[in-house]
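If you read the sequence shown in numbering that gives the first Met the number 0, its first letter stands for residue 0, the second for the next number, and so on. Cβ coordinates follow ideal geometry from the N, Cα and C atoms, glycine included. Predicted model only: the values in this text are computed from it and were never measured.
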Amino acid sequence: MDYSLFISLVRDLYKKPEEFIPLHSPIFNGKEKEYLLDTIDSTFVSSVGAYVDAFEKKMQELTKTQKAVAVVNGTAALQVALRLAGVKAGEEVLTQALTFVATANSIAYNQAHPVFLDVDRDTMGLSPDALTAFLESHAEKREGGAYNKTTQKRIAACLPMHTFGLMARIQEIVDICTQWNIPVVEDAAEALGSSANGKAAGSFGLLGTFSFNGNKIVTCGGGGAIVSNDVELGQRGKYLTTTAKVPHSWEYVHDELGYNFRMPNLNAALACAQLEQLDTFIEQKKKLFEQYRSFCEGSEIKIKQPLADTSSNHWLIALELPDREARDTFLRITNDAGVMTRPIWQLMYRLPMYQDCQRDDQINAKFLEERIVNIPSSVRP
Ligand SMILES: *Cc1c(COP(=O)(O)O)cnc(C)c1O
C-alpha cells in the first residue's frame, strides 16, 4: 500500500488538509455547558448531586443491569470490582497481557497476582481456548473454588478486556469460568455501547467496569462506573467507594476500609450530556470504520472487524500490518505527516512490575503486538 494515499484519505475524512490530526479527541456538541452551569448554580459540585444519580440510572439503562456505581475513574472501578468479586491478597486473577496497564494494575492494587493468558487474533480479547488450556493443565477444583496447581494459590477471578471496543468471545469465557467457579469481571473501559447478540459489554460477568477518561468514546474529564446485576454487590460497591460510611444523619461511622472514589457531580453532569450522544457517536464512527474498511480492501493491510453477531462501538479503529517492519514504516510516515497513529500496547509481562508473572505461550499476543496500529478515530464534528 502507498501510505501517502492513506494520509490523503484521513485528511479528506476529517476535512483537514494540513492541520495535525489526533488519534481521538472528544467533542462537546450536546448539553455539556447547560448541565455544567446547572451544577455550579446548584452549588452541588462535589460528590453528592442529582447528576451522579442520573448518571448511574442512565448506565443501568444502557447496559441493562440492575445496579451502576459512579466512580472517579476506570482504574478505580476495576480495583473495587475485583475486591467485590472476592479477590484477596495473595490470590490470582486470570487476564490478558495484551491490554492497557490499568487492567494489570487493578489486580496488583488488590495485592493479587495476574496470570497472563493469550488473546484471540481476531478479537484481540482473552481467548476462550487459551483459558480452557490453562485451566485444564494448571488448575484444579477444590473447596472454595479453583486453585493453581503450580503456585497453590486460589484463582479468584478472570478479567477479560474488550480491546478497542471489539467484543471478546465473552459468553464462552463466562461459560468456562462458571464451570470452574471463577467469577468474571469485564474490563469494558473501551467498549461502552458495544454488544454481543444484543447484550451489552459489561453485563456478561458478575461485574463490569467502564472508563470516561478524555480519550474514551464518551468522556466526563475523568470518571468510571461499575455495573452488576447483583444488586447487593452493587450496593456494596457504592458503600466501599464512599469511604464505607454507615448511613447516619450526623455520626461518622466507617466499619471497613473504604475508598474515596466518588465521581464529583461536576463530572457526572458532563457524563450525562455525553451519554445522550453515545448512539450518534457510534453511528458516526461506524461510517468512518466503513470508509477505512473499503480503503483497505484488497491491500496487505487488514482492518480489525467485529465478530458476527457482535457490534462494536468502533472506539479506536485498528489495522494489522504485515510485519513489524511495515508497521514501523507506517507509524513513521503517518506521524511525520501530522496524522497521528500509534502501536498497540507492550505486553504486560515486559513491564518491570509484571515480568515474573505466570503466563502461557502468548503466540497471538506477540503476533498482534508487532503488527497492530490505531488510526485517527475521533467522531467528526
Ligand atoms: C482507559 C482504560 C482503563 C482505565 O480507565 P481510566 O479511567 O483511565 O482509569 C482501564 N482499562 C482499559 C482497557 C482502558 O482502556
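- Helix, strand or coil for Q95 per DSSP? On the sequence shown, residue 95 is found 96 positions in, with the first residue counted as 1. DSSP places Q95 within a strand segment (E or B) once states are collapsed to three.
- Query: Below 8 angstroms between beta carbons: does that hold for N264 and S46?
  - Reply: Locating residue 264 in the sequence shown gives position 265, counting from the first residue. Locating residue 46 in the sequence shown gives position 47, counting from the first residue. Yes, these two residues count as a Cβ contact at 8 angstroms.
- Message: Buried or exposed, going by whether 16 or more other CB atoms sit within 10 Å of the CB of K303?
- Response: For this step, residue 303 is matched to residue 304 along the sequence shown. By the 10 Å Cβ count, K303 comes out buried.
- Message: Applying the 10 Å Cβ sphere with the 16-neighbour rule, what's the burial state of N56?
- Response: The count along the sequence shown starts at 1 and reaches residue 56 at position 57. First, the residue type needs correcting, since residue 56 is Lys and not Asn in the sequence shown. Its Cβ having fewer than 16 others within 10 Å, K56 is exposed.
- Closest by C-alpha distance to R341, when choosing among T240, R370 and E231: As a working note, residue 341 is residue 342 in the sequence shown. Residue R370 is the option with its Cα nearest to R341.
- Message: Could you check whether A200 and I389 sit closer than 8 angstroms to each other, using their CB atoms as the reference points?
- Response: The question about residue 389 has no answer, for the chain in this structure spans 0 to 380.
- Message: Could you pull the DSSP bridge partners for V118 from this structure?
- Response: Along the sequence shown, one-based indexing puts residue 118 at 119. Its beta-bridge partners are L125.
- Across which residues does DSSP place A67 in a beta bridge pair? What you label residue 67 is simply residue 68 of the sequence shown in a count that begins at 1. BP columns for A67 point to V226.
- Give the DSSP-derived three-state secondary structure of N104 in the structure shown. Against the sequence shown, residue 104 aligns to sequence position 105. Correct three-state label for N104: helix.
- Going along the chain, which residues of its own chain have a beta-carbon closer than 8 angstroms to the beta-carbon of G257, five neighbours each way excluded? By one-based count along the sequence shown, residue 257 stands at place 258. Y238, L239, T240, T241, T242, A243 and K244, listed in sequence order.
- Query: What distance in whole Å lies between the Cβ atoms of G48 and A267, which are believed to be in contact at a cut-off of 8 angstroms?
  - Reply: Numbered from 1 along the sequence shown, position 268 holds the residue referred to as residue 267. Numbered from 1 along the sequence shown, position 49 holds the residue referred to as residue 48. Correct: roughly 7 angstroms between the Cβ atoms.
- Kindly give me the distance between the Cβ atoms of V226 and T74, rounded to whole angstroms, as I take these residues to be in contact under 8 angstroms. Walking along the sequence shown from the start, residue 226 turns up at place 227. Walking along the sequence shown from the start, residue 74 turns up at place 75. Contact doesn't hold; Cβ gap of about 16 angstroms is too wide.
- Query: Nearest to A317 by CA position, among E324, A307, S248 and L330, is which residue?
  - Reply: For the purposes of this step, residue 317 is identified with residue 318 of the sequence shown, where counting begins at 1. The residue with the shortest Cα to Cα distance from A317 is L330.
- Item | First and last residue of the uninterrupted beta strand (DSSP E) at R153 | Locating residue 153 in the sequence shown gives position 154, counting from the first residue. R153 -> beta strand (DSSP E) spans R153 to L158.
- According to DSSP, is L277 helix, strand or coil? In the sequence shown, the residue the question calls residue 277 occupies position 278. It is helical.
- Message: Quick check on DSSP: helix, strand or coil for P375?
- Response: Counting from one through the sequence shown, the residue named residue 375 turns up at place 376. DSSP places P375 in coil when its eight states are reduced to three.
- Query: In three-state terms, what does DSSP make of D40?
  - Reply: The residue labelled residue 40 in the question sits at position 41 within the sequence shown. Note: D40 maps to helix in three-state DSSP.
- Is any heavy atom of ligand 1 found at a distance shorter than 7 angstroms from the C-beta of D52? Here residue 52 corresponds to residue number 53 of the sequence shown, with the count starting at 1. No; taking the cut-off as 7 angstroms, the Cβ of D52 has no heavy atom of ligand 1 nearer than that.
- Message: ligand 1 and L130: does the residue's C-beta get closer than 7 angstroms to at least one heavy atom of that ligand?
- Response: As a position in the sequence shown, residue 130 is number 131, starting the count at 1. For ligand 1, not one heavy atom lies less than 7 angstroms from the Cβ of L130.
- Item | Local Cβ density within 10 Å of V86, reported as buried at 16 or more and exposed below that | For this step, residue 86 is matched to residue 87 along the sequence shown. It counts as buried.
- Cut-off 6 angstroms between Cβ atoms - residues of its own chain near L8, not counting five sequence neighbours on either side: Taking the sequence shown and counting its residues from 1, the one referred to as residue 8 is at position 9. Excluding residues within five positions, the ones whose Cβ falls inside 6 angstroms are F294.
- Message: Please report the distance separating the alpha-carbon of Y2 from that of Y108.
- Response: To locate residue 2, count along the sequence shown from 1; it is residue 3. To locate residue 108, count along the sequence shown from 1; it is residue 109. C-alpha separation (whole angstroms): 42 angstroms.
- Counting along the chain, where does the alpha helix (DSSP H) carrying K365 start and finish? The residue you call residue 365 lines up with position 366 of the sequence shown. From DSSP, the alpha helix (DSSP H) with K365 extends over I362 to R370.
- Task: Would you kindly check if the distance between the Cβ of N312 and the Cβ of G192 is under 8 angstroms?
- Result: Looking up residue 192 in the sequence shown gives position 193. Looking up residue 312 in the sequence shown gives position 313. Result yes, Cβ atoms of G192 and N312 sit closer than 8 angstroms.
- Task: For F260, I'd like the list of residues in its chain whose CB is within less than 6 angstroms of its CB, leaving aside the five on either flank, ordered along the chain.
- Result: Taking the first residue of the sequence shown as 1, we reach residue 260 at position 261. Here the set comprises V70, V71, A75 and T240.
- Item | For L90: DSSP bridge partner residues | Here residue 90 refers to the residue found at position 91 of the sequence shown. At residue 90 the sequence reads Glu, which differs from the Leu that was named. Bridge partners of E90: none, in fact.
- Message: Suppose you measure from the CA of P159 to the CA of L125; what does that come to, to the nearest Å?
- Response: To locate residue 159, count along the sequence shown from 1; it is residue 160. To locate residue 125, count along the sequence shown from 1; it is residue 126. Approximately 5 angstroms between the Cα atoms of the pair.
- Task: Please name the residue, chosen from L320, I39 and A190, that lies closest to T218 on a Cα-to-Cα basis.
- Result: Reading the sequence shown from its first residue, position 219 is the one you call residue 218. Nearest option by C-alpha distance: A190.
- Message: I'd like the span of the alpha helix (DSSP H) that includes R168, first residue to last.
- Response: Within the sequence shown, the letter at position 169 stands for residue 168. Counting along the chain, R168 falls outside any alpha helix (DSSP H), and DSSP gives it neither H nor E.
- Query: Does the Cβ-Cβ distance between K301 and S376 come in under 8 angstroms?
  - Reply: Locating residue 301 in the sequence shown gives position 302, where the first residue counts as 1. Locating residue 376 in the sequence shown gives position 377, where the first residue counts as 1. Result no, Cβ atoms of K301 and S376 do not sit closer than 8 angstroms.
- Message: Check this for me: beta carbons of A138 and I154, under 8 angstroms apart or not?
- Response: Along the sequence shown, one-based indexing puts residue 138 at 139. Along the sequence shown, one-based indexing puts residue 154 at 155. Taking 8 angstroms as the Cβ cut-off, A138 and I154 qualify as a contacting pair.
- Message: Can you tell me whether I316 is helix, strand or coil according to DSSP?
- Response: Your numbering for residue 316 matches position 317 in the sequence shown. Residue state, collapsed to three classes: strand.
- Item | Cβ-heavy atom distance, M58 to ligand 1, below 7 angstroms | Residue numbering aside, residue 58 sits at position 59 when the sequence shown is read from its first letter. Answer for M58: no, Cβ out of range of ligand 1.
- Message: So, with DSSP's three-state summary, where would you put P113?
- Response: What you label residue 113 is simply residue 114 of the sequence shown in a count that begins at 1. Annotated three-state conformation of P113 is strand, per DSSP.
- Task: Starting from the C-beta of L277, find all residues in its chain whose C-beta is less than 6 angstroms away, skip the five residues before and the five after it, and write them out in chain order.
- Result: Locating residue 277 in the sequence shown gives position 278, counting from the first residue. Closer than 6 angstroms at Cβ, skipping near neighbours: G192 and V217.
- What is the DSSP secondary structure of H253, reduced to helix, strand or coil? Taking the first residue of the sequence shown as position 1, residue 253 is located at position 254. In this structure, H253 counts as strand in the three-state DSSP scheme.
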